[in-house]
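Numbering (the UniProt record's numbering), first residue to last: 1 to 1058. From the three backbone atoms N, C-alpha and C, an ideal C-beta is built for every residue, glycine too. Quick notes on the structure that follows.
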Amino acid sequence: MNARLRSQIAMAVVSACIVVLTAVYYMVPEQRLIFVALGAIGVIGIVLGILLHRPAHRLPWLFLAAGNFAFAAGQATQIILIQLLDEEVPFPSIADGFYLAAYPLYAAGLLGFVHWRTGWRDRASLVDALTLTVGLALLSWLFLIDPYARVAGLTWVQKAFSIAYPLGDILVLAMLLRLLVGRGGKSRSLMLLTAGTVGLLAADVAYGLIQLNGTWRTGTAVDLGWAVLYGAWAAAALDPSMRSLTQPVAWRAESATSRLTLLTLASLIAPAILLTEAVRGVRSEVGVIGVFSAVLFLLVLYRLAGVVATHQQAVGREKTLRDAVSSLGGAGDLRDAASAVNSAVTELMPDTPPRSALLTVPDNTLWVNGAHGGIRGPLSPRGTAAVRELIASGENRLVTLDGVGPDLAAHLTGQDEGPTHTGHALVCPLTSQDHPSGDPLIGALIVIGDERELLMLRETLATLAAQTALAVARVALAQEVNRRNSEMYFRTLVQNASDVILILDDDRVRYASPSAEQVLGFTNLEGTHLIDLVPPQDSLAVVETLGRIRSREYQTRREHWRMIRADRGSIEVEVRWSDLREEATVGGVVLTLRDVTEQRKLERELTHQAFHDSLTGLANRLLFQERVNHALVQAQRDGTVVGVLFVDVDDFKVVNDIHGHSVGDELLVALSLRLQTTVRASDTAARIGGDEFALLVEGSATPTGVERFTEHVMTAFAEPFRLSVGPLSTYASVGVATTEDSIDSVELLTHADLALYAAKTAGKRQWRRYHPALQSGMAERAKLQEGLDSSSIETSFMVLYQPIVELASGRIAGFEALVRWPHSARGMVLPEQFITLAEESGQIVPLGAWVLDQAAAEAVRWEEFVLRGGTADRNTPYVSVNVSPRQFRDEEFYNVIRRALDLSGIEPSSLVLELTESVLMYNDERILAEMSALTDLGIRIAIDDFGTGYSSLSYLREFPISILKIDKSFVDKLGRSPEQYALVEGITHLADTLGLTVIAEGVEDVRQQESLISMGCPFGQGYLFAEPVGAEEAKHLVLAPPLGRMAGLAGTPTEGQQ
């Protein structure tokens, strides 16, 4: 029968006896001898456990058995006095002596476990145990000890014995708590031991409280606590884990949460009692509670100081490990690695002179930092079998110094080999999967020191061992690489090298390495002339190189060749040579060929990417600059003109905003293809920015040729671009500069950029050639922009109003709000001078909102003025406000309109918003939804300058447009050009067919007025009727007589104003 089975049988028998006797006792509680039998079985169980499991130290268990025996003897004595001798038991009696003797024995047993289990000075656990004990002792004092001391009628001896019982419980409690708060982990035997002790303490406390009331009797639930004491302690001794209670355990990190909770509860006992007494109005034992509170406060402070010190130690160890990792990373050999380990161990264990060793296997090499200091090694100890056995499991092992073997212990201590060596050693295995030998176990790190300190540093030293293993593996790998580079591996390297090695005799191949077949495709090259392996066009250069090699006149040992494969394909190789004709072992010229075909291809691709745009494939700015420089040099030689065109796509941001960047990229690609078909082979097309392109025109005889080419480029935009979203029309602005006005490439590009700005400022869809006046114009533009940036909208701008007149009657139908900038130095700045700048900078959004607010408020005042004037036959004029494309695309535009309506109180039907055709250029659902939302409010929408932009009948059908405004450029030639008359008449009839109102802009003479009336155009505006006027004058014009020459047909004639 094995020991485990015997232990299980003994456990079962003892447990059964305890349970049965306890049950019998509660059936016949007057038979107290049954309880004595329980005590005897408890003693027998502990002794039997000692005999079965043979713990390393028996004394603690014997103390527990003796304590149980004393407790049972007390019960037996009491029974003998009462039941057998029929005497009244005095107090105190001999039985009390046996009872009280049990407590020191219990405490001695528990203290023995503490000593052997956690033999080091664990101050933190001691303080924690004291804190808990003091807190619980306060309760014992208040509810047991002090009441006993105050019982009347007892002698001082009786009081002393009564108080001794709770004091004994406190002593046992202190030892139990010290055992439990240690960092050695928990076992089943320890749990059973704890359960038995808790049973003892609970029964004693209950007995004491009942005795104070004088109601004690046998056979109650209190007796069950002592029964648990006997049974649980016997089971603890019979469990195999009982051996661990007298064995040292590894240091473990404390459980902060549970321990902090217990300490908090213990420290709050005294304040809780004071609070309870304050609520009850009782003031007893305040001094005692204060003393206990002070003790608890001091213990907690001491504990916190220990926590801070522990944290500082952890930080120091972490720094030491970081330094060690850095040193190990730079270790060139095992001596350096051992030295780094020695430095780290010395810093980790400063209080005792540490001794460490680095043992590597399978070469059995030892590097020692012994007691005499310094690194000794490499040593070859005879007996390392013990260490190899220890590290075979891959776990860290703490052993006595003799456990590493006498020979190794002698090397470590520096003492002669003897039968015993005192001290302990921590053996940490060094493992690595990358060791050249293939065996993951490469050695051991051995540290000698105090047992307690080694246990505390176990995890830290394990981390150091892991880093040491990496360093040892790296050193071994480096040594292996060096060894394989030696001459004995030369042939193997040549046979397996991917590079081709050729040995030449008189330019013919005498030897070719096996890789020649893979690289060149030839199975046998011996006797082949090297010239036959290169293309004919490269053969002359190769012959010259071979000649220089033979004559030793070369300055470099590396060239780039092309060579022919067996399949007649070509590869590119990097050639290196060594002239070893005088070496007896070689006797020829050695060529090393490396296939760099893919590498060269990649280099060419990278070079192409460096000089070309990745999206369009056109030249980029860098290549374009280089081409310009080259063209200027060539132009100076042959006297030709060089031109540079900067092409910028108009409203490209609108495409991105409406259709997304993917469609924008499609447009750029399509545009680049069209530009490539436009330029000549000698010219260069490049993409130099997001939507900016550049064209280099070379070989032109005069600047006029460059201008003709520019006109050709502009026509390339006439046809829509076919994209995934359908046909898309877009246009461009072009700036042109030639060498006639530019000296060098920097100036040429700068002038082209200035010309591009001039073209965009002029209204886009145009081209401009650089002339010197643009330089000053750009400076003026910059000053204007600076002034615009610093201007306040409310104080710097003003709104004028130009009447919109019914052409036949001369009556005012509405006003167009026009913003002006009265500048202190420049005078009145017209919109065409600053609106574009405001559009580019984004200031047009707040400026447009301000104009809208002013115009809406003024329209309300006109209505009030008409009502006060009492002219019922007059309609209140509406107000028309211009909206820029950027302002209309702003996400808050609709809210701005609603705010203007709400603040001013204007009727939505009295407000007209004028949009340019560029807003409708891209038939987008968002634009349609925005316009529909505005018209749903009652606002009317007009298309300004119709016919000058992206005119399309589909826009007039699909968008909710109410008014068409014919641009002034069409009205100017009325009466002089039949074609122009027919065009305007066609627009008017088209608008009438679609139900749209037509307004002619720029009417300046009577002949134009008459022509417009004859073709059916109902409304017009211009200097014939009135110039733009201020708000006050516009108010009076509302009630003024009809305006214009034709007004006489319907009322009083008025002279047009210029």
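Based on the DSSP secondary-structure assignment, which residues constitute the bridge partners of residue i?
i, result
"H612", "A619"
"K186", "Note: K186 sits in no beta bridge, so no partner."
"G588", "L580"
"Q802", "E816"
"F946", "I966"
"M563", "I571"
"P429", "A444"
"W821", "V829"
"H424", "T400, G449"
So, with DSSP's three-state summary, where would you put residue i?
i, result
"I571", "strand"
"N629", "helix"
"I548", "The sequence shown places Arg at residue 548, not Ile. It is helical."
"E487", "For E487, the predicted structure reports a pLDDT of 49, less than 50, and the residue's modelled location is therefore unreliable. A value from the coordinates is still provided. DSSP places E487 in helix when its eight states are reduced to three."
"F970", "helix"
"T997", "strand"
"S796", "helix"
"residue 1092", "With the chain represented from 1 up to 1058, any question about residue 1092 goes unanswered, as that position is not in the structure."
"Q467", "helix"
"I963", "strand"
"R400", "In the sequence as displayed, the identity of residue 400 is Thr instead of Arg. Three-state DSSP puts T400 in a strand."
"L441", "strand"
"D595", "strand"
"M349", "coil"
"V534", "coil"
"G1002", "coil"
"T1052", "Confidence is the limiting factor: at T1052 the pLDDT is only 35, short of 50, which leaves the residue's position unreliable, though a coordinate-based value still follows. In the structure shown, T1052 sits in coil (DSSP, three-state: anything other than H, G, I, E or B)."
"L502", "strand"
"A512", "strand"
Just the C-alpha distance for residue i and residue j, rounded to the nearest angstrom, thanks.
i, j, result
"S791", "V851", "15 angstroms"
"S682", "I688", "19 angstroms"
"L167", "F98", "15 angstroms"
"P536", "V589", "22 angstroms"
"R674", "L723", "13 angstroms"
"A466", "L445", "10 angstroms"
"L229", "S7", "20 angstroms"
"D239", "L193", "11 angstroms"
"Y731", "P1041", "46 angstroms"
"I966", "D744", "46 angstroms"
"L1043", "A758", "39 angstroms"
"L441", "V427", "13 angstroms"
"C17", "A237", "16 angstroms"
"E740", "L749", "13 angstroms"
"V500", "G569", "17 angstroms"
"S244", "G49", "13 angstroms"
"L728", "H560", "50 angstroms"
"A516", "L622", "41 angstroms"
With a threshold of 7 angstroms (Cβ to nearest heavy atom), would residue i be considered close to the ligand PLP?
i, result
"T684", "As far as ligands go, the structure on display features none, and thus does not contain the ligand PLP."
For the candidate residues the options, whose alpha-carbon lies nearest to that of residue i?
i, options, result
"R32", "G587, A762, I80, V799", "I80"
"A102", "W116, Q78, G67", "G67"
"L901", "L110, R940, A857", "A857"
"V24", "W61, L224, A203, G763", "L224"
"S733", "I170, V642, S614, R768", "R768"
"A694", "D741, V628, A37, S742", "V628"
"A462", "E318, E605, D505, A584", "E318"
"W226", "G74, A929, A670", "G74"
Which ranges does the beta strand (DSSP E) cover as unbroken runs of at least 3 residues, wholly within the segment 1005-1038, from first to last along the chain? For the segment 1005-1038, the continuous beta strand (DSSP E) assignments of 3+ residues that do not extend past its boundaries occur at 1019-1021, in sequence order.
Could you tell me which whole beta strand (DSSP E) segments of length 3 or greater appear in the UniProt domain "GGDEF" (640-772)? Considered as a whole, the UniProt domain "GGDEF" (640-772) harbours 641-649, 684-687, 692-700, 721-723, 726-728, 732-738, 767-769 as its complete beta strand (DSSP E) runs of no fewer than 3 residues, in chain order.
Secondary structure, alpha helix (DSSP H): runs of 4+ residues fully inside the segment 873-943: Entirely contained in the segment 873-943, the alpha helix (DSSP H) runs reaching 4 residues are, in chain order, 885-889, 893-904, 925-936.
Ranges of the alpha helix (DSSP H) found wholly within the segment 15-92, counting only runs of at least 4: Whole alpha helix (DSSP H) segments, 4+ residues: 33-53, 59-79.
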